[in-house]
Structure formats: structure tokens, C-alpha cells
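Colleague:
In the numbering used here, the protein residues as written are 78 to 619.
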């Protein structure tokens, strides 16, 4: 676990973003055992300002990574803010059985709500509470928001998703194998957790109480969200902002903010995958640090300058030079105005704005020889943009590219691939990857997605697959903002696996995840005519 935590802290560069002063010798914490509604006690450290007795605004952080690892937050006491840091249920010094985020929301147990209720009852709390944290510490905040406790004055949520099912544990109905298994094992969660997660492969009630979107109207306080284009929770962070901005309470709608940088799970970095962004890709001056957010929420200090609702980094060719893009932009809501452009898959491997004649492309997908993961929105695998040429040469990968662009093309927003497919298996998966092809031939990964065919209609319940029947399948590739420069090509690569980022589908249709039997599948992608597969891009200014 020590090696895992060391790597995790390197990835999660939260303190570089919040710009807090570091105290030379952290003050001594008062340690409490805070009782939850079921009698379980959670270990809680409280740091109070040193100027004697009083009541102060409070900052709360709840973490599964040991409250001691967040002790630097205690420096906020120098600014007249009390700090509370808690080990979540079953972790480190806290009692109870640990279940990742399952007891932090609005279900049978509501540990976040109960903790806020306890804080508000203390004489040293003036009634105003803000929460901070990133990654798992951001997810506990998302879960807390759904329980809607009284007293929340603001939340700063860094790299965390709206929904555990859609953006953490599964994607398109497919298990995120490397992320989930690696994280559970590396952070030493109880072995039973994996089985509990795997016994819920569809978006059922177990996951619905871990999706803030189901209770978004309960959110009615300021929230600021931070994400990265190559982060494991990228789309989930954007979804949280969009839902809050459009469907939250009036205070939340008017005070929701989002920043999206060209970062992986370690925000505020410039080296991402095989590319290096300019120094300007770090957090812009328009985005307040944690100190400014907290003083704004807790002490009514104005933000100067006031940030726009959305700050996002539009990527471009690297090294940057004079290429368009590679700059920060702003908008009032997400996504900015764009025009949807369809790029149709062609039998000759092209991507065209004009529908081609009807044809079909085929390949064989063998679960025993899956397409290997090279880059993407990962945590414990290589992250971010990596050259995909070695993968694109495989027989089980179909590649479709535009001609070299005659002028720059900006794509900002959510990307989907709509495919017409068939298989001789009783169930299978289809994958899609979007890459930026440089004039020197490098095919740099931007986004990828996957969809289980039996979940083609809904993620709530699967629908049977009839071998040989043609189905329309939409694959969500999440979002991006990039200017494809003149001379570059836009490329879409289609296959049926991306392992170990996603669990390789055995093609057997067995519901039991412990099944080890596999069969090879013959996959068909239909092109043109009434079954015209296409890539849908949100294009700016065209």
C-alpha cells in the first residue's frame, strides 16, 4: 500500500493548485470519535485557530487515504478557519466495514451528512461549512452533496465524477478493470468490495444512490469543479457541472464553476503522456486558489477577478510554436456553441463528410489476444496521449482517417461514434478511439470509449443479442477541446477490446464475471447506405 500511496500522491498534485501556506510544524489535533446513525464511530481530527475560544467557519475533508495525509489543511487555522479531517468508514482509525463511497451519500447510512450535523452542533462552529478534496476526497463530497445537509457554504471538488457507475467503475456497461481492481488492491480495500461491485454490472438501485444526478435539485450552494481532459473521471466532472448549472437550486446554478485543463489525474501539470504542453497550460490566474474560494464562501470576501463560469484549455499541435490552440478560453455554460458534423466511415479507410456507398468491414476479435491499452484516461496504466500506430497495425483494428486538413479545425464538446454492427457472438463489445494524426505519422490518442452490445438500448438492463443481426450502437468517447492543425488528420479506430483498461468481453454472454470460458467473435462494421456508421464531432466556427 505504501508504494501505491506514493504513486497516487505523485499523480494527485492537489496542493499545487490550492496554493496553501505550509506550516513548519502542524499543530496538534483534537481527536474525536464521531458517532454515525448506526453507532459506528469515525476517527476525526479537529484543528482550531489558536486565538482562544470562539466560533469559526469550518473546512471539512473526508478521505479513505488517512486523515494524517491531509494534515496540511490545518494551515487554514491561521486564517481563522477551523479544520476537520476524517477517516471514512472502515479506513485507518475509523470503525465499521469499508465500502468505497457506498455509505457516504444518501442511502441507509449517511456518514457525510451525520458528520456535518455533528460539526454544526459544536460550539466552535459558526454554522458555515465548506468542503474540499480531490479524487476520492472529491467523491466523498459529491456523495455528501446528494444528502443535502444544512450548513454547506461551498464545495471545491477536484477530479471527481457525478456518477460512480458511469464514470468510475463501468463505462458503456463495461468494467474498468485496471482502474478498479488496481485501486482496490493498491489501497487495500477489503476483498469483498470487488465482488460487491461486480454483482452490480447494470445501473441498478445500488448505483443510483451513488449518482448525484438523481438528486441534483437538492444541491443549492456554490460548487467549483476541477477536471482534466485526460483524467479518469473527465466526463463525470463535466457532467457534474452541467447538471448543477442547469438543474441545481438557484444558488448552485448561479455559483457553479468548472475548469478543465490538459491534465491527467494529477492536475496542474504540463507533461501528459508523450506530449508536453506549454507552461501556460497550468492553472490560469483567473481561477482562484483554495484560499480565495474558501474566504469567498465562508467570509463573504469578493473574488477579484471574478472567474467566468467555465474556464477550459483548448489544446493544439505540440510543440506549440505558432499553431492555433494551446490557450485558455471561457464560456458561460458547457458546452460552448458548436455545430455537429458527421464524418462517415468509408470502405477504403477514409472519413468523409459525404455518405459513401454501402459496404461492410470485418475483423475477428479473440478475447485471448485483446488489443493492449496504450494511453488514455487511466490511473495505474500509462496516461494521456500516446502514439497508437502499433495498435492500428493489428488485424482486429479498423482505421478510418480524414485526408490531411487544408485548414485548422476546432473540436470542443462531447464526441460520439454511431456504428452499425453485427456479431456471431451472443454478446460482445465495440470500442472507438479518436486520435490526432501528425504530419510525421504519429497518431496521438485523445479519447476512447466502449459499449457492451447487450447494453445498446439502456445501461439499466441488458437486451439479448441475436447473432448476425445488425444493430445501431452509440459509443460515448467523452469530451475534448482541441484544434486539429493544418496538415493533420482526424482518425477513428474501431475494435472490440482495450485491455486491461477495460475487461475483455469473453463473447459468451455469461452474466457471472468469474467465468473464464472465451470464444472468438466475427465482428462486422456496416458502412454507407441505410447503415452508415459515422463519427460525430462538435465543430466550432464552421
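Just so you know, even glycine gets a beta-carbon here, dropped at the ideal spot from N, CA and C.
Remember, it's a predicted structure, so these values are computed and weren't measured experimentally.
Can you tell me whether residue 163 is helix, strand or coil according to DSSP?
Modeller: Looking up residue 163 in the chain shown gives position 86. In the structure shown, residue 163 sits in a strand (DSSP, three-state: E or B).
Colleague: Going by C-alpha distance, which of 562, 380 and 235 is nearest residue 391?
Modeller: For this step, residue 391 is matched to residue 314 along the chain shown. For the residues 562, 380 and 235, the minimum Cα distance to residue 391 belongs to 562.
Colleague: Between residue 618 and the rest of its own chain, which residues show a CB-CB distance below 7 Å, the 5 nearest in sequence each way excluded?
Modeller: Position 541 of the chain shown, counted from the first residue, corresponds to residue 618. Answer for residue 618: 487, listed in chain order.
Colleague: Residue 140 and residue 238: beta carbons closer than 8 Å?
Modeller: For the purposes of this step, residue 140 is taken as the residue at position 63 of the chain shown. For the purposes of this step, residue 238 is taken as the residue at position 161 of the chain shown. The answer is no: Cβ separation not under 8 Å.
Colleague: Looking at the structure shown, is residue 423 part of a helix, part of a strand, or coil, going by DSSP?
Modeller: To locate residue 423, count along the chain shown from 1; it is residue 346. Coil, per DSSP.
Colleague: If you compare alpha carbons, which of 308, 176 and 375 is closest to residue 229?
Modeller: For this step, residue 229 is matched to residue 152 along the chain shown. For residue 229, the nearest C-alpha among the options comes from 375.
Colleague: Is the number of C-beta pairs between the stretch 565-585 and the stretch 502-514 that are closer than 8 Å three or more?
Modeller: The answer is yes - the stretch 502-514 touches the stretch 565-585, with three or more Cβ pairs under 8 Å.
Colleague: So, at 6 Å on beta carbons, what are the nonlocal neighbours of residue 101 in its own chain, with the 5 sequence-adjacent residues on each side left out?
Modeller: Within the chain shown, numbered from 1, the residue matching residue 101 stands at position 24. Bear in mind that a pLDDT of 35 at residue 101, under 50, signals an unreliable position, so the model cannot answer this.
Colleague: Under the three-state reduction of DSSP, which class applies to residue 140: helix, strand or coil?
Modeller: Your numbering for residue 140 matches position 63 in the chain shown. Three-state result, residue 140: strand.
Colleague: Count the other CB atoms, across all protein chains shown, that sit within 10 Å of the CB of residue 327; report buried if there are 16 or more and exposed otherwise.
Modeller: What you label residue 327 is simply residue 250 of the chain shown in a count that begins at 1. Its Cβ having fewer than 16 others within 10 Å, residue 327 is exposed.
Colleague: Determine the burial state of residue 470: buried for a count of at least 16 other Cβ atoms within 10 Å of its Cβ, exposed for fewer.
Modeller: Walking along the chain shown from the start, residue 470 turns up at place 393. Exposed.
Colleague: For residue 113, write down the residues that DSSP places opposite it in a beta bridge.
Modeller: Position 36 of the chain shown holds residue 113. Answer is none; residue 113 lacks a bridge partner.
Colleague: Could you spell out the range, first to last residue, of the beta strand (DSSP E) harbouring residue 601?
Modeller: For this step, residue 601 is matched to residue 524 along the chain shown. From DSSP, the beta strand (DSSP E) with residue 601 extends over 598-604.
Colleague: How is residue 318 classed by DSSP in three states: helix, strand or coil?
Modeller: Here residue 318 refers to the residue found at position 241 of the chain shown. Looking at residue 318 - three-state DSSP - the assignment turns out to be helix.
Colleague: Which word fits residue 174, buried or exposed, when buried means at least 16 other C-beta atoms lie within 10 angstroms of its C-beta?
Modeller: Here residue 174 refers to the residue found at position 97 of the chain shown. That one is exposed.
Colleague: Give me the Cα-Cα distance between residue 143 and residue 415, rounded to the nearest whole angstrom.
Modeller: Taking the chain shown and counting its residues from 1, the one referred to as residue 143 is at position 66. Taking the chain shown and counting its residues from 1, the one referred to as residue 415 is at position 338. Their Cα atoms are separated by approximately 44 Å.
Colleague: For residue 535, does the count of other Cβ atoms within 10 angstroms reach 16, so buried, or fall short, so exposed?
Modeller: For the purposes of this step, residue 535 is taken as residue 458 along the chain shown, with counting starting at 1. Exposed is the call here.
Colleague: Is there contact here, the stretch 590-605 with the stretch 434-449, by at least three beta-carbon pairs under 8 Å?
Modeller: Touching, yes, given that three or more Cβ pairs across the two stretches are closer than 8 Å.
Colleague: Around the Cβ of residue 504, are there at least 16 other Cβ atoms within 10 angstroms (buried) or fewer (exposed)?
Modeller: Working through the chain shown from its first residue, we reach residue 504 at position 427. Flag for residue 504 reads buried.
Colleague: Counting only the same chain and skipping the five closest in sequence on each side, list residues whose C-beta sits under 7 Å from that of residue 261.
Modeller: As a position in the chain shown, residue 261 is number 184, starting the count at 1. If we look at residue 261 and ignore the five residues flanking it on each side, its Cβ neighbours are 270 and 271.
Colleague: So is residue 593 buried or exposed if we call it buried at 16+ other beta carbons inside 10 Å?
Modeller: Counting from 1 along the chain shown, the entry for residue 593 is found at position 516. Under this definition residue 593 is an exposed residue.
Colleague: In the DSSP assignment, find the unbroken beta strand (DSSP E) run with residue 559 in it and report its ends.
Modeller: To locate residue 559, count along the chain shown from 1; it is residue 482. Residues 548-561.
Colleague: Assign residue 205 to buried or exposed, taking buried as 16 or more other Cβ atoms, counted over all protein chains shown, within 10 Å of its Cβ.
Modeller: Taking the first residue of the chain shown as position 1, residue 205 is located at position 128. Per the 10 Å Cβ criterion, buried.
Colleague: By DSSP, does residue 247 sit in helix, in strand, or in coil?
Modeller: Walking along the chain shown from the start, residue 247 turns up at place 170. Residue 247 falls in the strand class under three-state DSSP.
Colleague: Taking the runs of the beta strand (DSSP E) that are 3 residues or longer, which of them lie wholly in the stretch 381-419?
Modeller: With a minimum length of 3 residues, the continuous beta strand (DSSP E) runs that stay inside the stretch 381-419 are 387-391 and 404-408.
Colleague: What are the boundary residues of the alpha helix (DSSP H) that residue 270 is part of?
Modeller: Working through the chain shown from its first residue, we reach residue 270 at position 193. That run of the alpha helix (DSSP H) goes 269-275.
Colleague: Is residue 574 closer than 8 Å to residue 459 when the C-beta atoms are compared?
Modeller: Your numbering for residue 459 matches position 382 in the chain shown. Your numbering for residue 574 matches position 497 in the chain shown. No, Cβ-Cβ distance for residue 459 and residue 574 is not below 8 Å.
Colleague: Could you have a look at residue 190 and say whether DSSP puts it in helix, strand or coil?
Modeller: In the chain shown, the residue the question calls residue 190 occupies position 113. Correct three-state label for residue 190: helix.
Colleague: According to DSSP, what are the bridge partners of residue 348?
Modeller: The residue given as residue 348 occupies position 271 in the chain shown. Paired residues: 353.
Colleague: Keeping to the same chain, check which residues put their C-beta closer than 8 Å to that of residue 542; ignore five residues upstream and five downstream.
Modeller: Position 465 of the chain shown, counting from 1, holds the residue named residue 542. Excluding sequence neighbours, residue 542 sits near 500, 502, 503, 504, 505, 530, 531, 548 and 586.
Colleague: Measure the alpha-carbon distance for residue 509 versus residue 496 and round it to whole angstroms.
Modeller: Reading the chain shown from its first residue, position 432 is the one you call residue 509. Reading the chain shown from its first residue, position 419 is the one you call residue 496. Their backbone Cα atoms lie some 10 Å apart in a straight line.
Colleague: If the criterion is Cβ atoms closer than 8 Å, does the pair residue 318 and residue 335 meet it?
Modeller: The residue given as residue 318 occupies position 241 in the chain shown. The residue given as residue 335 occupies position 258 in the chain shown. Going by C-beta atoms, residue 318 is nearer than 8 Å to residue 335.
Colleague: Name the DSSP beta bridge partners of residue 133, please?
Modeller: Position 56 of the chain shown, counting from 1, holds the residue named residue 133. Per DSSP, 202.
Colleague: Rounded to the nearest angstrom, how far is the Cβ of residue 119 from that of residue 172, given a contact under 8 Å?
Modeller: To locate residue 119, count along the chain shown from 1; it is residue 42. To locate residue 172, count along the chain shown from 1; it is residue 95. With 8 Å as the limit, residue 119 and residue 172 qualify as a contact, their Cβ atoms being about 7 Å apart.
Colleague: State the beta-bridge partners of residue 490 as determined by DSSP.
Modeller: Within the chain shown, residue 490 is the residue found at index 413, counting from 1. BP columns for residue 490 point to 557.
Colleague: Skipping 5 residues on each side, what residues in its chain have a beta carbon closer than 6 Å to that of residue 191?
Modeller: On the chain shown, position 114 is the one that residue 191 refers to. Taken in chain order, the residues that qualify are 113 and 114.
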